[in-house]
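In what follows, a structure is listed as structure tokens, so that the remarks can point back to it.
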Amino acid sequence: MTELLIIWSVLISQIMIGLAMVCALYRVARGPRAQDRILGLDTVYITGMLLLLTFGIRTANVLYFEAALTIALLGFVSTIAFAKFLMRGEVIE
Amino acid sequence: MRYWFPYPVLSLLLLGFWLLVNQSVSPGQILLGTVLSVSLSWAMVNLEPSKPRLRRPGAALRLAGFVVRDIAQSNIAVLGAVLSRRKRPVQSAFVMVELQLQDDNAIALLACILTTTPGTAWLEYDRQTRMLLIHVLDTADGKDWQSIVTHRYERLLREIFE
Amino acid sequence: MTFLVDLPVWAAIPVCLLLLSGSAITLAGAIGIVRFQSFYERLHAPTLCTSGGVLLIATSSMIAFGVLQNRWIVHEVLIVIFMIVTTPVTLMLLGQSALYRDRAEKNPEVPRKTETAKTDPKIDIGV
Numbered sequence: 001m002t003e004l005l006i007i008w009s010v011l012i013s014q015i016m017i018g019l020a021m022v023c024a025l026y027r028v029a030r031g032p033r034a035q036d037r038i039l040g041l042d043t044v045y046i047t048g049m050l051l052l053l054t055f056g057i058r059t060a061n062v063l064y065f066e067a068a069l070t071i072a073l074l075g076f077v078s079t080i081a082f083a084k085f086l087m088r089g090e091v092i093e
Numbered sequence: 094m095r096y097w098f099p100y101p102v103l104s105l106l107l108l109g110f111w112l113l114v115n116q117s118v119s120p121g122q123i124l125l126g127t128v129l130s131v132s133l134s135w136a137m138v139n140l141e142p143s144k145p146r147l148r149r150p151g152a153a154l155r156l157a158g159f160v161v162r163d164i165a166q167s168n169i170a171v172l173g174a175v176l177s178r179r180k181r182p183v184q185s186a187f188v189m190v191e192l193q194l195q196d197d198n199a200i201a202l203l204a205c206i207l208t209t210t211p212g213t214a215w216l217e218y219d220r221q222t223r224m225l226l227i228h229v230l231d232t233a234d235g236k237d238w239q240s241i242v243t244h245r246y247e248r249l250l251r252e253i254f255e
Numbered sequence: 256m257t258f259l260v261d262l263p264v265w266a267a268i269p270v271c272l273l274l275l276s277g278s279a280i281t282l283a284g285a286i287g288i289v290r291f292q293s294f295y296e297r298l299h300a301p302t303l304c305t306s307g308g309v310l311l312i313a314t315s316s317m318i319a320f321g322v323l324q325n326r327w328i329v330h331e332v333l334i335v336i337f338m339i340v341t342t343p344v345t346l347m348l349l350g351q352s353a354l355y356r357d358r359a360e361k362n363p364e365v366p367r368k369t370e371t372a373k374t375d376p377k378i379d380i381g382v
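Chains as they are written, first to last, in my numbering: chain A, 1 to 93; chain B, 94 to 255; chain C, 256 to 382.
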């Protein structure tokens, strides 16, 4: 009974996080301007990390949590780099 | 002593973080973490940050309480805005707020608080005019952000840092 | 998923509730990214994922493995600390660069770097 409850709630939450990822990817593909795409990409990183966390709960494998931590680190650094590039790297005037 | 260990608290925090990431308290990791944290605190000396002095732990606790409550409330409000059926879900606006804070660390903490709250986002702070530009997601509830920032956050931050 | 059989019912119910509510908040934040009209409105949506979603899902994982005690729960703590520290920095920088670009293009919807703001602090340059 307990196992069934947990299996289904993990599955439903994985589906919801997957849908969230699709929404963020829509913004990456559609986003009218570069900053919208970067914001979408940042959200893709966050939802990907959450998806790995739910996989970790499902399998109790430490490897998933390590991967989630790595994604959090890399997502932060890459978003910062993108934002800096938008401010300095592009000639608008 | 002060020369060899310029930022002892920072070094201890870095050592703790290193041991947490590695998940071990073996002598080798402690040695490696100590070397890394002390050398990184020397790197901090070159950056010359202004040293914060925490005066009132009670005020800090009250501030933390306010922040947690505001973030929870704002989460629920933004959730309602996202799921509302209107064609244009929110009426957002740029709001100018005047700050009286002097301390750089206090301003940085205020920036983190305002950005972590889902309803508000920090955009720009002008040092000369002391004007802060924030973006507020929902202005329909008619909150006066100038008085919220001044009376709720700034008062406590000044008690803590100045 | 054999290990989850050992989880007692009193722990399984909060784990499930936290997991479902956390993923629902994450989904709501992502829907906000799609639905909101301007960039500055969208800037608020990921905060919902990071302050609500990450916190709730990490708490549920902590409860599950804390009760079962089959591994250390250090990773969740690290992820939560890291998210709290990094999210404001990311969003502030993105907002600043968007403001810079809009001003460089003389977009009429964003407030200019005004001189009038000096004289009248209560000025509200709305959209």
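No residue lacks a Cβ here, since even glycine has one placed at the ideal position from N, Cα and C.
Query                                                                                                              : Result
Any chain C beta carbon closer than 8 angstroms to A/Gly48                                                         : no
Rounded C-alpha distance that separates B/Thr127 from C/Arg297                                                     : 42 angstroms
CA nearest to the CA of B/Asp197, picked from B/Gln184, B/Asp237, B/Asp219                                         : B/Asp219
Residue of C/Ile334, C/Gly308, C/Ala267, C/Leu310 minimising C-alpha distance to A/Tyr64                           : C/Ile334
For C/Asp379, the three-state DSSP class (helix, strand or coil)                                                   : For C/Asp379, the predicted structure reports a pLDDT of 48, less than 50, and the residue's modelled location is therefore unreliable. The matter cannot be settled from this model.
Proximity of B/Val171 and C/Arg290 at Cβ, strictly below 8 angstroms                                               : no
Contact set for C/Thr305: own chain, Cβ-Cβ below 6 angstroms, skip 5 residues either direction                     : Met338, Thr342
Beta-ladder partner(s) of B/Trp215, from DSSP                                                                      : B/Ile227
4 or more residues per run - each alpha helix (DSSP H) lying fully within the stretch 298-331 of chain C           : 310-323
Interface residues of chain E facing A/Phe76 [CB-CB closer than 7 angstroms]                                       : Given the protein chain composition of this structure (A, B and C), no chain E is represented.
Residue-chain proximity (C/Trp327, chain B), Cβ-Cβ < 8 angstroms                                                   : yes
B/Val183 and B/Leu230 closer than 8 angstroms at C-beta                                                            : yes
Range of the contiguous beta strand (DSSP E) that encloses B/Asn161                                                : The identity of residue 161 of chain B in the sequence shown is Val, whereas the question assumes Asn. Per DSSP, B/Val161 belongs to no beta strand (DSSP E); it is in the alpha helix (DSSP H), 150-176.
B/Val188: first and last residue of the uninterrupted beta strand (DSSP E) it sits in                              : 186-191
C/Pro366: contacting residues in chain B (beta-carbon distance under 7 angstroms)                                  : Phe187, Leu226
Reduced DSSP secondary structure (H/G/I, E/B, other) of B/Trp111                                                   : helix
Chain-ordered neighbours of B/Asn168 on chain C, where CB pairs are closer than 8 angstroms                        : Ile280, Leu303, Ser306, Gly307
Amino acids of chain C, ordered along the chain, whose beta-carbon sits closer than 9 angstroms to that of A/Arg27 : Ala285, Ile288, Val289, Arg297
Local Cβ density within 10 Å of A/Thr70, reported as buried at 16 or more and exposed below that                   : exposed
Close beta carbons around B/Val161, own chain, < 6 angstroms, minus the five adjacent residues each side           : none
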